[in-house]
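Residue 731 is where the sequence shown starts when you use this note's numbering, and the numbers rise one by one after that.
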Amino acid sequence: MLDKLFKGAKDSKKQKYLYLAIGIALLGIVITFIPAKQPDNGHKTQNAPIAHVSKDSTSYEETLEKRLADILEKMEGVGQVEIMLTTFSNEEKVLAEEKTQNYQHQEEKDESGGIRISERNDMQNRIVLQSGNTPFIIKENKPQIEGVLVLAEGADSGVVKAQIIESVSNVLQVPVHKISVFKKQN
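Rendered as structure tokens:
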């Protein structure tokens, strides 16, 4: 096959140069497909959290209200219960992010002894994705509960009311002054 290409180059010197040119071209092609190792010019890669807000806080609140009502109704003397939770924030998902920072510092001296300093700082942020182009979630922050209203049939008893307040405070990690307990109408 190469003999057909080199029919025009009858001189052995021309053939050598042709072989050399083809070799260099093949070497160039091979080099372009080998991934280059990036120099360490201050490049830093790190995972940093980014917060993204989710709109599912209503279902979280409703689920929590139902679970708490089911538990409180099983306490002696409480009776039927209705609960309302208020939250301060929405549910938040913290995504993994890859940060790349490129910092370059260059000093140049001119003939008169002056120094010129040039600095360049580039930063790139990229969200880390899982399979299927879904972002990788580091953690999920649930909404912060600000207040609790409990309506219970047995809330007219001071002992039951105190037990409800203590239970709600412990389960939800809410201070007692943010919990209101009242007797539920029949």
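Glycine included, each C-beta is placed from N, C-alpha and C at the ideal position. Just so you know, these numbers come straight off a predicted model, no measurement behind them.
By the criterion of at least three beta-carbon pairs nearer than 8 angstroms, the stretch 819–828 is in contact with the stretch 856–874. Counting only the Cα atoms, Ile-867 lies some 21 angstroms from Glu-791. Between Glu-896 and Asn-855, the gap from beta carbon to beta carbon reaches 8 angstroms or more. One thing to note: Val-880 has its Cβ no nearer than 8 angstroms to the Cβ of Val-904.
One Cα belongs to Lys-869, the other to Gln-831, and the distance between them is close to 24 angstroms. Judged by DSSP in its simplified three-state form, Lys-804 adopts coil rather than helix or strand. Partner residues in the beta bridge of Pro-865, as assigned by DSSP, are Leu-859. In the same chain as Arg-850, and ignoring 5 residues on each side of it, the C-beta atoms closer than 6 angstroms to its own belong to Gln-834, in chain order. Counting the other Cβ atoms within 10 Å of the Cβ of Ile-857 gives fewer than 16, which makes it exposed. Ranking Ser-861, Phe-912 and Ala-755 by CA distance to the CA of Ser-887 puts Phe-912 first.
Looking at Lys-796, Thr-793, Glu-841 and Ala-882, the one whose alpha-carbon comes closest to that of Asn-916 is Ala-882. Residue state for Ala-885 is assigned as coil, using DSSP reduced to three classes.
About 19 angstroms separates the beta carbons of Gln-893 and Met-814, which is beyond the 8 angstroms limit, so they are not a contact pair. Cβ contact annotation for Leu-798 (same chain, cutoff 6 angstroms, sequence separation greater than five): Ile-813, in chain order. Out of Asp-840, Gln-836 and Ser-842, the CA that lies nearest to the CA of Ser-848 is found in Gln-836. Among the bridge pairs identified by DSSP, Arg-850 is matched with Gln-834. Sequence-distant Cβ neighbours of Glu-838 in its own chain, meaning closer than 6 angstroms and more than five residues away, are Arg-846. Ranked by Cα distance from Leu-825, the first of Gln-860, Met-853, Val-811 and Val-898 is Gln-860.
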